[in-house]
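Be aware that the sequence shown starts at 1, since it is given in the numbering used here, and climbs by one per residue.
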Amino acid sequence: LGFGLTASLSFEHPYPFARRLSTLDHLTKGRIGWNIVTSYLESGARNIGHRAQTDHDARYDYADEYLQVVYKLLEGSWEDGAILRDRQRRIFSDPAKIHPINHKGEFFQVPG
1 LGFGLTASLS FEHPYPFARR LSTLDHLTKG RIGWNIVTSY LESGARNIGH RAQTDHDARY
61 DYADEYLQVV YKLLEGSWED GAILRDRQRR IFSDPAKIHP INHKGEFFQV PG
């Protein structure tokens, strides 16, 4: 099973998005693609309560940091071997191999 999705970075925080992306990654055994967009329509911005759409360069600055956060959450917070899946002992993961990302940027503060 492979899966591709288009997701805008403009209207959602990276933490819940990374969680959903991780779920899809597990369900598809790594066969997921993400078409990254920043959304440019005024109507999209108004529909989530913004008065106007952010200008092009600011959207891409935001997108750059967004991608940094998602990458840190997906690739930087779990060491190899963190997933144990030990049903007998009812242990899913090794907490010593899972780390907060402690991202502090211009747009996002994400402990992770």
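Quick reminder that beta carbons are idealized off the backbone N, C-alpha and C, glycines included. What you are looking at is a predicted structure, and each value in this text was computed from that prediction instead of being measured.
In its chain, beyond the 5 residues on either side, 35 and 37 have a beta carbon closer than 7 Å to the beta carbon of residue 6. In terms of Cα proximity to residue 79, the closest of 10, 95 and 67 is 95.
Residue environment for residue 71: exposed (fewer than 16 other C-beta atoms within 10 angstroms of its C-beta). The C-alpha of residue 4 lies about 13 Å from the C-alpha of residue 29. The three-state reading of DSSP puts residue 7 in strand, counting E and B together. Leaving aside the five residues that flank residue 2 on each side, the residues in its chain whose CB is nearer than 8 Å to its CB run, in chain order, 28, 31, 32 and 33. Residue burial annotation: residue 10 is buried, with at least 16 other C-beta atoms found within 10 angstroms of its C-beta. The C-beta distance from residue 18 to residue 73 rounds to 4 Å, short enough to meet the 8 Å contact threshold.
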